[in-house]
Amino acid sequence: MLPLGRHRLRKSLFAFFFFVISGLLLISRNSLRIDRPQEDPPSTTAEPYYFDFDSIKFLQGTAAPCNQSRPLLLAIIHSSPSHVPHRKAIRQTWGSFAEGPDSVRTVFVIGRSKSKKISQKVLQEAKEHGDLVLVQYMDSYKLLTLKHLAGIRWALRNCPEVPFLMKADDDAFVDTKRALSLLVDILGPKSPSGDVIACRIMPSGTAPHRSGKYQVTQKEYPLQEYPEYCSGLAYFARPSAMAKIHEAATSRRVPYLWIDDIFVTGLAAGVAGVSHVDLGVWFARTEHDVVQWMTDQRSNRPLPWMVSEMSPRHWPVDALLLWNKTKNSWIRTDNDAT
């Protein structure tokens, strides 16, 4: 781990060179042209590409605002239109946590499907559960950044009084009771942390993949390494921190990058002056570790992690098993404390 002074210097130098490169690219243009994406943004342009984020619209059937209740935590979960079992499992497990004022509200951010059959099922699901945030653009891998910012925008506009926000993928399992307790200490009003993102930090210095499935071309991202950013599985923040990031990301100060974790929690967060708090110790290292805890009938110890990632093949079943054992550990802990 770098000393604090050197760590800040390295982040400052990265931000400086990022601005210089972006500025040189912009100078070569007579005027800035803002393109509205149809599906995937171009990957061969030699100039920085910017989304017109002001064009984001939400479809009819999108979840209602947090007017009637004020949850302690709003979970913004990224989900694909076809992932009905994933959403059902979360609703039945950690997304249903409610304990007095310490409640969690869950919404799922979903783009449009090319399949008419799936689209009809999504609309029916939205009507039945009222927890889908439906974005007008196609649900595409190259549009994950737009989906990410759409979820943040919906949260800031519709649930501005919520103390804490969480972004998560739909294959994440969250020990919500432990998360709420930890968030009050790290991000609460008495915390000295300020506007930060609490997450499993991915250190700066990672080189972009220049070939293969996750290829990022030199034109898409001209720098040789990524800044510090957050693992995409889950992260936590105050709304004030996410408002700064949203403003930076949509103000055209940050050229578009389709890898949403890097764009939002790395590039945009750096421009916004939002730093990271490392919660890596609270994230499960492997699925094997989680399954071992879940199937160990001799141990009564609580789930050692706050966030775990499960295989999509076993996710719905494993989520229920994890949830039942986690709830039982809460009961034992509460009984031991009295």
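In the working numbering, the protein residues as written are 1125 to 1462.
Backbone N, C-alpha and C define an ideal beta-carbon position, used for all residues, glycine too.
Just measuring C-alpha positions, the residue of H1202, A1361, Q1248 and L1196 sitting nearest I1310 is A1361. Within the stretch 1207 to 1286, the beta strand (DSSP E) runs of at least 3 residues that lie entirely inside it are, in chain order, 1228 to 1236 and 1256 to 1262. Annotation for I1325: the continuous beta strand (DSSP E) segment containing it runs V1320 to M1326. The stretch 1401 to 1418 and the stretch 1276 to 1290 do not touch, with fewer than 3 CB-CB distances between them shorter than 8 Å. Pairing V1233 with Q1421, the inter-Cα distance amounts to about 36 Å. Taking 8 Å as the upper bound for CB-CB distance, L1444 and T1217 are in contact here, some 6 Å apart.
In the DSSP assignment, Y1350 forms no beta bridge with any residue. Straight-line spacing of the CA atoms in F1221 and Q1342 works out to 44 Å. Close CB contacts of I1276 within its chain, under the 6 Å cut and outside five residues either way in sequence, are with M1366 and H1370 (chain order). DSSP places G1336 in the coil class of the three-state scheme, outside both helix and strand. Sorting N1424, P1351 and V1414 by C-alpha distance to the C-alpha of V1388 places P1351 at the top. Taking a C-beta distance under 8 Å as the contact criterion, E1349 and G1318 do not qualify as a contact pair. Proximity of the stretch 1264 to 1281 to the stretch 1377 to 1388 meets the contact definition, three or more beta-carbon pairs being nearer than 8 Å. Taking every protein chain shown into account, the CB of S1364 has fewer than 16 other CB atoms within 10 angstroms, so this residue is exposed. In its chain, beyond the 5 residues on either side, D1319, V1320, I1321, A1365, K1368 and I1369 have a beta carbon closer than 7 Å to the beta carbon of V1398.
Taken through DSSP and simplified to helix, strand or coil, M1366 comes out as helix. For E1433, DSSP records a beta bridge to A1296.
In the DSSP assignment, D1413 falls outside any beta strand (DSSP E) and lies within the alpha helix (DSSP H) extending over E1411 to T1419. The continuous stretches of alpha helix (DSSP H) do not include A1199, which lies in the beta strand (DSSP E) extending over residues L1197 to H1202.
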